[in-house]
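Below you'll find the structure, written out as structure tokens, and then a few comments.
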Amino acid sequence: MRPDPEQPGGLHPLLAERFSPYRFDPSAAVDDRALGLLLEAARWAPSAGNSQPWGFFAGRPGEPEHERMVPYLAPSSAQWARDAGLLVVTLARRHVDDTELQYSEFADYDLGQAMAHMTVQAQAMGLAAHQFRAFDMEGLTKELDPNPGWVIVSMIALGRAAGEPPVGRERRSVADLLSAPWAPSA
Ligand SMILES: Cc1cc2nc3c(=O)[nH]c(=O)nc-3n(C[C@H](O)[C@H](O)[C@H](O)COP(=O)(O)O)c2cc1C
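Right, dumping it as structure tokens:
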């Protein structure tokens, strides 16, 4: 791992070394076991009331599911996502059963946690992940036609990263995380 003066020692390497690649090795397949573990990692994420409001559509190059997703990639994401060993569409179920609530305020939050689990599991298996919104949401929704209550939220490309991590990845400081939401004290 490259030394980074901004990076406090002690951050777990799975977190410190993760990055969203803009190149994937097209020859690196994601096998059935790896696919199963990525979904298993998402399955074990925490969620509000254990509602587990996430769902997925997954496909690997050569599979019919993959062929259904690729046409809806935006020109920007198509440059790298189609080379990844696995493409996943993520969905949230915002509807809440057996209550008056039409909408769970936590559905997307919970899906995000499931995706963080999947991303870290990928990193632990030597794979990289790049989540993205650069796709035709309307077209893909028509194509996949999810059940009522389910909405497509994002896509994620997973596979073996090709090339080096980008230099100069930027993050806000910890001090800013703690101060930005609040008015300066007088
Ligand atoms: C919900 C979400 C949507 C994103 N959409 C895109 C996208 O459309 N195109 C893209 O290149 N990257 C996209 N990204 C990746 C972010 O740009 C990336 O995570 C961020 O710049 C930090 O870089 P890092 O993941 O390498 O640390 C998205 C990430 C998330 C979590």
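Counting from 1, position 109 in the sequence shown corresponds to residue 109 in full-length UniProt numbering; the numbering is continuous, with no gaps. Every residue, glycine too, gets a C-beta built ideally from N, C-alpha and C. Fair warning: this is a prediction, and the values are worked out from it, not measured in the lab.
Could you tell me whether the Cβ of aspartate 25 comes closer than 9 Å to any Cβ of chain B? In the structure shown, chain B does not exist; there is a single protein chain.
Whole angstroms are fine: how far does the CA of valine 89 sit from the CA of valine 153? 8 Å
Helix, strand or coil at residue 190 [DSSP, three-state]: Only positions 1 to 186 of the chain appear in the structure, and residue 190 is not among them; the question remains open.
Quick one: residues in its chain with C-beta nearer than 8 Å to the C-beta of residue 187, no 5 flanking neighbours on either side, listed in chain order? Lying outside 1 to 186, the shown extent of the chain, residue 187 is not represented and no answer is given.
In whole angstroms, give me the CA-to-CA distance for glutamine 79 and glutamate 100. 44 Å
Less than 8 Å between the CB of tyrosine 22 and some heavy atom of ligand 1, yes or no? Yes.
Please confirm whether any heavy atom of ligand 1 lies closer than 8 Å to the CB of arginine 169. Result yes, Cβ under 8 Å from ligand 1.
Give me the Cα-Cα distance between arginine 169 and histidine 12, rounded to the nearest whole angstrom. 17 Å
How many whole angstroms separate the CB atoms of methionine 115 and phenylalanine 132, which I take to be in contact at a CB cut-off of 8 Å? In fact, because the Cβ distance is near 11 Å, the residues do not count as touching under 8 Å.
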